[in-house]
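> Quick one: the structure is below, and I'll ask about it shortly.
There are 2 protein chains.
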Amino acid sequence: MFFEGEEESGSPSLVPFMTENAEELTADIALICDTGLFGNDTPGIVTRLRGLLGEELTVTGPSKDLHSGMYGGVSMNPARVLAKIIAALHDDTGRITIPNFYDGVRELSPEIAAQWDGLKFDSDGFLAQVGLSEPAGEKGRTALEMIWSRPTCEVNGIWGGYTGAGFKTVLPSQASAKISFRLVGQQDPNAIRESFRSMVQSLLPPDCSVEFREHGTSAGSEMATDDPAFEAAREALSDEWPQAAAFVGCGGSIPIAGHFKTILGMDAMLIGFARDNDAIHSPNEKYDQRSFHKGIRSWARILHLQCFQGRKLEQTLKILLF
Amino acid sequence: MFFEGEEESGSPSLVPFMTENAEELTADIALICDTGLFGNDTPGIVTRLRGLLGEELTVTGPSKDLHSGMYGGVSMNPARVLAKIIAALHDDTGRITIPNFYDGVRELSPEIAAQWDGLKFDSDGFLAQVGLSEPAGEKGRTALEMIWSRPTCEVNGIWGGYTGAGFKTVLPSQASAKISFRLVGQQDPNAIRESFRSMVQSLLPPDCSVEFREHGTSAGSEMATDDPAFEAAREALSDEWPQAAAFVGCGGSIPIAGHFKTILGMDAMLIGFARDNDAIHSPNEKYDQRSFHKGIRSWARILHLQCFQGRKLEQTLKILLF
Chain A
761 MFFEGEEESG SPSLVPFMTE NAEELTADIA LICDTGLFGN DTPGIVTRLR GLLGEELTVT
821 GPSKDLHSGM YGGVSMNPAR VLAKIIAALH DDTGRITIPN FYDGVRELSP EIAAQWDGLK
881 FDSDGFLAQV GLSEPAGEKG RTALEMIWSR PTCEVNGIWG GYTGAGFKTV LPSQASAKIS
941 FRLVGQQDPN AIRESFRSMV QSLLPPDCSV EFREHGTSAG SEMATDDPAF EAAREALSDE
1001 WPQAAAFVGC GGSIPIAGHF KTILGMDAML IGFARDNDAI HSPNEKYDQR SFHKGIRSWA
1061 RILHLQCFQG RKLEQTLKIL LF
Chain B
761 MFFEGEEESG SPSLVPFMTE NAEELTADIA LICDTGLFGN DTPGIVTRLR GLLGEELTVT
821 GPSKDLHSGM YGGVSMNPAR VLAKIIAALH DDTGRITIPN FYDGVRELSP EIAAQWDGLK
881 FDSDGFLAQV GLSEPAGEKG RTALEMIWSR PTCEVNGIWG GYTGAGFKTV LPSQASAKIS
941 FRLVGQQDPN AIRESFRSMV QSLLPPDCSV EFREHGTSAG SEMATDDPAF EAAREALSDE
1001 WPQAAAFVGC GGSIPIAGHF KTILGMDAML IGFARDNDAI HSPNEKYDQR SFHKGIRSWA
1061 RILHLQCFQG RKLEQTLKIL LF
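So the sequence lines, in the order shown, correspond to chains A and B. Take 761 as the starting number for the first sequence in this note's numbering and just add one per residue. Take 761 as the starting number for the second sequence in this note's numbering and just add one per residue.
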C-alpha cells in the first residue's frame, strides 16, 4: 500500500522516494483510487488522464506603483499588459494560440468516440449543477470530448494593484497570474512551457519585463485497456454496483500514474468513487458516505478477482495499491 | 480657511456641507494648495484639471469555484473573460474604444500647444525616474499632452481565483477589477459610465454576468487664466522662486475645484509645491522640506498681492483658501 500526501503541493518527495525504492515498489500493475464515479450508480475505470503544466508570471512595468493622475495614460500599465496577454492565449473559436501547442494531440479514434457516445453523458446536467448552460471551450466539440481529450489553458489566479475595499487611483508596478495547462496525448510539457514563455515575451510592449515561476509538470497518459486487468475490474465492480462500469477519461491530472510508468515501468488502473457534486478543490468539499462504503467493498472485490481469478496462489499478481 | 480630509475617500460630507453653508463660503476666488511644482525651481499655476470616474466590476461565471481538471476547457472562466474585456478597452494605437468616449474632448489650441512647448518639459527624465523609456499612451502625442489634456482608462486593481503562494488548479467563479477614467474638457462622466457599462455587457459571453459598483465621479475643469488673479499670483511667486511660475495642467483630479464652481459659482486657482519624486499615492510618500518652507512663504506673498495690490482695504478680495 502506498499513501501519498503531497500531491496537491507538487509531490516533491515522491520521485526521489520512488527512484530509491524502485525494486521494492515495482509490481505487475498499480491500482489507484483517486478518481470519480461516472454516474451515481455507475463506476468509472479511467483509461486516460490529462497532464498538467503550471506557470506563474509577473509582468513589471514602472519601477514602483504610480499615481494614475500623474502617470495615467503615459505609463505602461502591467495589469493591462497582462490582460492583453491572457486575452491573446485563445482565439475566437476557443483554440489555444500558443505556437505548436497542439503538437501531439490526436483526434479521438472512431471506436473511442462511439464508446463515449454510448455513455449518454448528461452534458446539460453536468453544466447546470454549476450554473452553466453551454460548453465554453473549443467550438464544435462536446463537453465530454473537451474534458477528457482536449488540452486547456486556464487562468487559476490573477492579481495586481489595489484590491481592497473602496478605491485607490494607483497604477500598479506589477501584475501577476497563475496559468495552468491540462495536457493530453503526446503533448510535451517542456516544449509547451518554452513556447508559452516565448509567446508572452513576444507580446510584451516596451518598458515591460516578465518573470516566470514553474509550478510542476506532468504529461498526459493513456492506458492500454486490452490488459486483462481492465475486464477483470469491470467484472468485479458489477457485483457491487447496479450499472456496469464505464471506461472513461479523466480531465484531471494524477502525476503519480505517469511516474509509475516512467520510473517503475508499471501500468496503472484508476478506479474511484467520488461524485460530481463533491466540489473537489472548492469550498465545502465533501465525500459521499455511500461512495465510501461501496468503494471499500469494491476494492475488496477488485483485489479478489485480480489476484485469484483463474490463477493459482503462486501466480498471484503483485499489486501496488495507491 | 477650508480643510478637507475626505478627498481620498470620495468626500461624502463635502457637497452637503458646501450646499448648506454656501452663503458663508462664497468668495471671489478659491485658492487651492493641492498640486505640485513644475520643476524644482519653477512653481506651477494650474489652469486645467482632469476629472475622474471610478468603476469596479465583478464578472461571475460558474456558481462556485471549480476544479480545473473537472471543468477546465468547458466552463467559462471569468478571469479570462475579464482579461478579454480589459484588453478590448484600448485599440492598438492606445485609443480608448468605448463608444462616444471622446465626445467633449478638444484638441489643444495652437496658443496652449505653443505655451506647453515653451515649458521644455523633460519627458525623458519624467519617465526615467520611474524606470520607463517612452510614453505608452496614444500614438503621436507627447507625454505632457497625454497627462494634461488627454483622457485615460486605467486598471487600478485586478483580482480573481487563487493568488497566494504555490498553486491551486481552481477555476474561479468570479474575477474583479477596479477601473478608473481621467476625464478632460466637456466629457460627461455619467454618459461615459453608461457607455462603459453597455460595452462591458456586450462583451460578456453566455453564462457570464457582471455587477458594477460606482466609485465617485468628477468632471474635468479648465480655468479662465485671463482672470487678473493668475497674473498677480505669478508676480507674487517670482519673489520667492528663482524661475517664473508656469501655467500648467494637472493630470490628477481635485473634485473640490469643480464643486467650488458648480455649488459656489467660484473659480479656483491651484498652486502647490509637491515635487515629482514625492511618490504621491505610492509607498514611502514624502513631502520636501524646502517645498514646505518656500510654500508657506509663497502663500503669504500670494495673499498679500491678491488682497492689497492696487486696492484699498475695503476693496479687499474675499478669498477662500483651501
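Glycine residues also receive a C-beta, built at the ideal position from the N, C-alpha and C atoms. Just so we're clear, the structure is a prediction, and the values are computed from it rather than from any experiment.
(1) With three or more C-beta pairs closer than 8 Å as the rule, is the segment 997-1015 of chain B touching the segment 836-844 of chain B?
(2) Of all the CB atoms in chain D, is at least one closer than 8 Å to the CB of GLY1012(A)?
(3) Where GLY1011(B) and ALA989(B) are concerned, what is the direct C-alpha to C-alpha distance, given to the nearest angstrom?
(4) Considering only residues of the same chain and omitting the five flanking positions on each side of ASP967(B), which have a CB-CB separation below 7 Å?
(5) THR912(A) versus chain B: which residues are under 8 Å apart at the beta carbon?
(6) Output, in chain order, the set of chain A residues within a Cβ distance shorter than 8 Å of LEU1087(B).
(7) If contact is defined by three or more beta carbon pairs under 8 Å, each pair taking one atom from either stretch, is the segment 976-988 of chain B in contact with the segment 1043-1062 of chain B?
(8) Using 8 Å as the limit for Cβ to Cβ distance, is ASP1048(A) near chain B?
(9) So the beta strand (DSSP E) ALA935(A) belongs to, where does it begin and stop?
(10) Residue range of the beta strand (DSSP E) that ASN916(A) falls in?
(11) Helix, strand or coil: which one does DSSP assign to LEU1063(B)?
(12) Here's the rule: buried if 16 or more other CB atoms are within 10 angstroms of the residue's CB, otherwise exposed. What is ARG866(B)?
(13) Can you tell me whether ALA937(B) is buried or exposed? The criterion is at least 16 other CB atoms within 10 Å of its CB, across all chains shown.
(14) Taking just the CA atoms, how far does ASN1037(A) sit from GLU889(A)?
(15) So does the segment 968-977 of chain B actually touch the segment 804-823 of chain B, counting three or more Cβ pairs closer than 8 Å?
(16) Which residues mark the beginning and the end of the alpha helix (DSSP H) in which ILE1023(A) is found?
(17) Per DSSP, what kind of secondary structure is THR779(A) in: helix, strand or coil?
(18) Would SER1051(B) pass as an interface residue toward chain A - the criterion being a Cβ-Cβ separation below 8 Å?
(19) Can you tell me where the alpha helix (DSSP H) with ALA848(B) in it begins and where it stops?
(20) So, helix, strand or coil for ALA787(A), using DSSP?
(21) Report the neighbours of TRP919(A) on chain B: residues whose CB is nearer than 7 Å to its CB, in chain order.
(22) Is there contact between the segment 1024-1034 of chain B and the segment 779-795 of chain B, where contact requires at least three CB pairs shorter than 8 Å?
(23) Using a beta-carbon distance cut-off of less than 7 Å, what residues from the segment 890-904 of chain B approach chain A?
(24) Should SER940(A) go down as buried or exposed, given a rule of 16 or more other Cβ atoms within 10 Å for buried?
(25) Provide the residue span of the alpha helix (DSSP H) that contains ASP877(B), from first to last.
(26) Name the DSSP beta bridge partners of CYS968(B), please?
Taking the structure as given:
(1) no
(2) Absent from the structure is chain D; the protein chains it does hold are A and B.
(3) 22 Å
(4) GLY821 and MET836
(5) SER828, GLY832 and GLY833
(6) This structure leaves residue 1087(B) out entirely; chain B is present only between 761 and 1082.
(7) no
(8) no
(9) 934-943
(10) 912-921
(11) helix
(12) exposed
(13) buried
(14) Before going further, note that residue 889(A) is Gln rather than Glu in the sequence given. Going from the Cα of GLN889(A) to the Cα of ASN1037(A) covers about 8 Å.
(15) yes
(16) 1015-1024
(17) helix
(18) no
(19) No alpha helix (DSSP H) holds ALA848(B); DSSP gives it neither H nor E.
(20) coil
(21) ILE918, TRP919 and THR923
(22) yes
(23) VAL890, GLY891, LEU892, SER893, GLU894, PRO895, ALA896, GLY897 and ALA903
(24) buried
(25) 870-878
(26) Paired residues: none, contrary to the question.
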